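Working notes, structure below.
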Amino acid sequence: MDRPDRSDAVTTPEVVVRNPARRDEVVGRVALAGPDDVDAAVDRATKAGTAWGRLTGADRAAHLLAAADALEADDLDERARLLTSEHGKVLWESRLDVAGAATILRYYAAFGERLDAETDHVNGFGLARIRRRPVGVTAVIVPWNYPVYLACLMLVPALLAGNPVVVKPSEVVPLTLTGVLDGLAAALPPGVVNVVQGTGATVGAQLTGHPGVRAVLFTGSTATGRAIIANSAGTIKRLGLELGGNDPAIVLDSAVVDDAMVDELLRGVYTSSGQICYNVKRIYVHRSRHAELVEAFTSAVRDIVVGDGLAPGTHIGPLTTPAQLARVRELVDDARAGAARVVELGTEGTGLDRDNGLFAMPTVVTDIAPGARLVQEEQFGPVVPILAVDSDETAVSLANETEYGLAASVWSADPDHADAVARRIDAGSVFVNAHRIGVSDLTMPFGGMKQSGLGRRHGWEAVEECSELQTIAHITTTDTLPGPPRA
């Protein structure tokens, strides 16, 4: 693995990774990189990038397929259990996260030949040949909520496009991803994949301002995205940013409130304890459907089992960090102070330790003002406000009344009605009658409007984001070009 030798465990700063379900349980330790380590990683990537970038797209795709084979040969269940231990989410989610690495590698390998294709344009003075080429060393800064899957969504298109990468895992959940990157690096030429461990304020800041880094791919908060934009401005880097989202669900008067719909909404709100960028964060319901939706939704939330993510029967686990739990509690307390109706629900399951774990029960908030912090800010937890509206116009206006624009959903039994409303929402993705993990397929471009990001993930569009267009013009005559006549 191309990362610094941190064998001096006595003097090297480290991060202690704790199980969020039992904070007294240490899952592992990770040695932190220093400034010299970051410089060395960028240097290795730069040297490896020359040969990697000169390979054809088809050749690089073959390497990615070999890496997928290697990762699939690992014990995925063991990796998933480790991820649940360091993150807290339930085991099926961790399996999905870890298995996604090979899926993404195979998906993007299919674009190898397309990447090699060149377009010729004949004009009045010759031939223009348009091709794609690598951007250069790419820093990949990974969030903690879906570390393996989201890392691969960034780094795999970059690798296919011919860019060597320097990856910074989240210091909160670094263990599983680092193991996956070990396997990926072993299947690729030395120096193509490099890892540096550290915080965003240290290693992340050094990478985003580093003169040897030509592109930065980041998934995380809008606040950090702003910092990356500012820090990278001095070297005009290529940026791909998937940032925060305060994603609305709009339930129209043409919706049918039944068990299937409520179950989908439930999954959209509470999967991963609400810690997904495009989970449902607020629900606007036409007043004619409000009472029945609140009753049915609240009844269903009572059955959500909260406990240790490794325990059979658990639906949602703890929050991942103490800071995240504190933020969720702060927003709920603010809603209470504003006279909102706050109802904590759910069922206590195996391993739910309120004293030693970072648990928050699924919560429904009604009678809340549209301007309340819980409505306006991204809470990233198992809490959702439900607001009644009197018209489509009001719902759309409130949905768009935010700096965010990542995703949204519209719920209706009338496809034309849903489509008409969806087109008015300022969001990069709008889903109809679903809004949960998996609905943004790999083939569908995904990214935010407004302050929810720059660029797109998924699909061929992600490869375009990680490559430069180059025009090579073969001039056969200058007779048709402008200028003074020859003497």
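When you line the sequence shown up against our numbering, it's residues 6 to 492, in that order. Just so you know, even glycine gets a beta-carbon here, dropped at the ideal spot from N, CA and C. Keep in mind the model is a prediction, meaning the values are calculated, not measured.
Chain-order list of residues whose beta-carbon lies under 6 Å from that of A163 (same chain, five-residue window excluded) | Sequence-distant partners of A163 (beyond 5 residues in either direction) whose C-beta falls short of 6 Å from its own C-beta, in its chain, are T143, V170 and C471.
Tell me, please, whether the region 289 to 297 touches the region 272 to 281 by the rule of three or more beta-carbon pairs shorter than 8 Å.
-> Judged by Cβ distances under 8 Å, the region 289 to 297 makes no contact with the region 272 to 281, as fewer than three pairs qualify.
Nearest to T240 (by Cα), restricted to the options E118, G217 and F223 | Residue G217 is the option with its Cα nearest to T240.
How do the region 236 to 254 and the region 452 to 472 stand: do at least 3 beta-carbon pairs fall below 8 Å, yes or no?
-> Result yes; three or more Cβ-Cβ pairs closer than 8 Å.
Unbroken alpha helix (DSSP H) run spanning E470, endpoints = G464 to E470 is the span of the alpha helix (DSSP H), which, as asked, contains E470.
Indicate the three-state DSSP secondary structure (helix, strand or coil) for Q475 in the structure shown.
-> Strand at Q475.
Could you tell me the distance, in whole angstroms, from the CA atom of G443 to the CA atom of I109?
-> When rounded, the separation of the alpha-carbon atoms in G443 and I109 is 13 Å.
Neighbourhood of T476 by C-beta distance below 6 Å, restricted to the same chain and skipping five residues each side = So the qualifying residues of the chain are A133 and I135.
Among residues of its own chain, excluding the 5 on either side of L486, which ones have a beta-carbon nearer than 7 Å to its beta-carbon?
-> Only F130 meet the Cβ criterion.
May I ask which residues mark the beginning and end of the beta strand (DSSP E) holding E30?
-> Boundaries of the beta strand (DSSP E) harbouring E30: R27 to A36, taken from the DSSP string.
Given a threshold of 16 other Cβ atoms within 10 Å of its Cβ, counted over all protein chains shown, does R65 qualify as buried or as exposed?
-> Around the beta carbon of R65, 16 or more other beta carbons lie within 10 angstroms, which makes this residue buried.
Hey, how far is the Cα of L212 from the Cα of A115?
-> Cα to Cα, L212 sits roughly 30 Å from A115.
Between V161 and L69, which are expected to be in contact by the criterion C-beta below 8 Å, what is the C-beta distance as a whole number of angstroms?
-> Going by Cβ atoms, the distance from V161 to L69 rounds to 7 Å, so yes, they are a contact pair.
Using a threshold of 7 Å, is the CB atom of T355 nearer than that to any non-hydrogen atom of the ligand MG?
-> This structure lacks the ligand MG; in fact it carries no ligand of any kind.
Determine the direct distance from the alpha carbon of L37 to that of T17, and round the result to whole angstroms.
-> When rounded, the separation of the alpha-carbon atoms in T17 and L37 is 7 Å.
Which residue's Cα is closest to the Cα of P253: D338, D80, F436 and T319?
-> Distances from the alpha-carbon of P253 to those of D338, D80, F436 and T319 put F436 closest.
Determine the burial state of V43: buried for a count of at least 16 other Cβ atoms within 10 Å of its Cβ, exposed for fewer.
-> Around the beta-carbon of V43, 16 or more other beta-carbon atoms lie within 10 Å, marking it buried.
With distances taken between CB atoms, is the gap from L182 to V147 smaller than 8 Å?
-> In terms of Cβ geometry, L182 and V147 form a close pair [threshold 8 Å].
Is it true that the CB of R462 sits closer than 8 Å to the CB of L158?
-> In this structure, L158 sits near R462, with a CB-CB distance shorter than 8 Å.
Taking the CB atoms as reference points, tell me whether A418 and A260 lie closer together than 8 Å.
-> Cβ distance < 8 Å, so A418 and A260 count as in contact.
Separation of L257 from N438, as counted between CA atoms = Looking at the two C-alpha atoms, the distance is approximately 11 Å.
Can you tell me the Cα-Cα spacing of V274 and P174, whole angstroms?
-> Computed Cα separation, rounded: 26 Å.
Counting pairs of Cβ atoms below 8 Å between the region 397 to 404 and the region 339 to 352, do you hit three or more?
-> Contact fails: fewer than three Cβ-Cβ distances are below 8 Å.
Simplified DSSP assignment, three categories, for H422 | Note: H422 maps to helix in three-state DSSP.
Count the other C-beta atoms from every protein chain shown that fall within 10 angstroms of the C-beta of S396, then say buried if there are 16 or more, exposed otherwise.
-> Counting of Cβ neighbours within 10 angstroms places S396 among the exposed residues, the total staying below 16.
Alpha helix (DSSP H) containing A108: first to last residue?
-> Residue identity differs from the one stated: residue 108 is Thr in this sequence, not Ala. In the DSSP assignment, T108 falls within the unbroken alpha helix (DSSP H) covering L96 to A114.
Backbone CA spacing between L336 and Q384 [nearest angstrom] | So the two alpha carbons sit approximately 7 Å from each other.
From the DSSP output, which residues share a beta bridge with R23?
-> Paired residues: V31.
Classification of E176 by the beta-carbon crowding that lies within 10 angstroms, buried from 16 upward | It counts as buried.
Sorted by chain position, which residues of the same chain lie with C-beta nearer than 6 Å to R11's C-beta, five sequence neighbours on each side aside?
-> Low local confidence applies: a pLDDT of 41 at R11 is under 50, so the model's placement there is unreliable, and no value is given.
For the candidate residues E98, L324 and R49, whose alpha-carbon lies nearest to that of P194?
-> Measuring from the Cα of P194, the nearest candidate turns out to be R49.
For the beta strand (DSSP E) holding T51, just list the boundary residues, first then last.
-> It is not in any beta strand (DSSP E) - T51 instead sits in the alpha helix (DSSP H) that spans P40 to R59.
Within the same chain, show all residues whose beta-carbon is closer than 8 Å to that of G343, passing over the 5 residues directly before and after it, in chain order.
-> Within its own chain, the residues whose Cβ lies closer than 8 Å to the Cβ of G343, once the five positions on either side in sequence are excluded, are I373, A374 and A377, listed in chain order.
Whole-angstrom distance between L87 and D79, CA atom to CA atom = Spanning the alpha carbons of D79 and L87 requires a straight line of approximately 13 Å.
N-terminal and C-terminal residue of the alpha helix (DSSP H) that G184 is part of | For G184, the uninterrupted alpha helix (DSSP H) run begins and ends at L180 to A192, by DSSP.
Which of helix, strand or coil DSSP assigns to R219 | In the structure shown, R219 adopts coil according to DSSP, grouped into three states.
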